[in-house]
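Inspection log for the structure reproduced underneath, given as structure tokens.
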Amino acid sequence: REILERGDRLHRYLELSDFEGKDVSFIPDEKERSLIERVLHMPIFEDMDYERVYPEYGYYDPDFDSTGSVDLLFFDKQGNAHIVDYKSHGIDDPAYEKQLSVYYRNIKRIFGLEDNQIKLHLLSISRAIIKDIDNPYSE
Numbered sequence: 005r006e007i008l009e010r011g012d013r014l015h016r017y018l019e020l021s022d023f024e025g026k027d028v029s030f031i032p033d034e035k036e037r038s039l040i041e042r043v044l045h046m047p048i049f050e051d052m053d054y055e056r057v058y059p060e061y062g063y064y065d066p067d068f069d070s071t072g073s074v075d076l077l078f079f080d081k082q083g084n085a086h087i088v089d090y091k092s093h094g095i096d097d098p099a100y101e102k103q104l105s106v107y108y109r110n111i112k113r114i115f116g117l118e119d120n121q122i123k124l125h126l127l128s129i130s131r132a133i134i135k136d137i138d139n140p141y142s143e
């Protein structure tokens, strides 16, 4: 239970974080503050278009008559969309890639993007590592 609570807390900290200013002073625990700071300084976030950052981007999926939420959707300076799914620790479960494909399909539809304009990532918060996932619809 404590591990789940910590994971939820870290996830919430990233949701509240300012990716441009990288201010983490609002995080009370020093170790957790340091961890989130490490994540915010990862190379993937260096090329962000800070005007187009959408934490917890909610959407409606007409194919399944359901709603969903992307942990982080941001666009880089070249106009590519990056879908980032936060995980507390492990990022190797194949189910995570399936979830990303659902996000992919919806973000492509909503923003009218081409397949090559969407990048998929799994982010392990506690390990501060990112795993790029292949486009589920590429040939």
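Here my numbering is used: position 135 in the sequence shown is 139, and no number is missing along the way. Idealized CB from N, CA, C, for every residue including glycine. Everything numeric in this text was worked out from a predicted model, so none of it was measured.
Helix, strand or coil at residue i according to DSSP, with G and I counted as helix
| i | result |
| --- | --- |
| residue 10 | helix |
| residue 74 | strand |
| residue 56 | strand |
Close beta carbons around residue i, own chain, < 7 Å, minus the five adjacent residues each side
| i | result |
| --- | --- |
| residue 61 | 73, 74 and 77 |
7 Å Cβ cutoff met for residue i and residue j
| i | j | result |
| --- | --- | --- |
| residue 104 | residue 124 | yes |
| residue 81 | residue 51 | yes |
| residue 110 | residue 65 | yes |
| residue 122 | residue 85 | yes |
Distance between beta carbons of residue j and residue i, contact taken as under 8 Å
| i | j | result |
| --- | --- | --- |
| residue 87 | residue 108 | 6 Å |
| residue 43 | residue 18 | 7 Å |
Per DSSP, cross-strand counterpart(s) of residue i
| i | result |
| --- | --- |
| residue 79 | 85 |
| residue 38 | Partner(s): none; residue 38 has no beta bridge. |
| residue 123 | 86 |
| residue 133 | 128 |
Close Cβ partners of residue i (< 6 Å) along its chain, the five nearest in sequence each way excluded
| i | result |
| --- | --- |
| residue 143 | The pLDDT assigned to residue 143 is 48, lower than 50, so where the model puts this residue is not dependable, and the model offers no usable value. |
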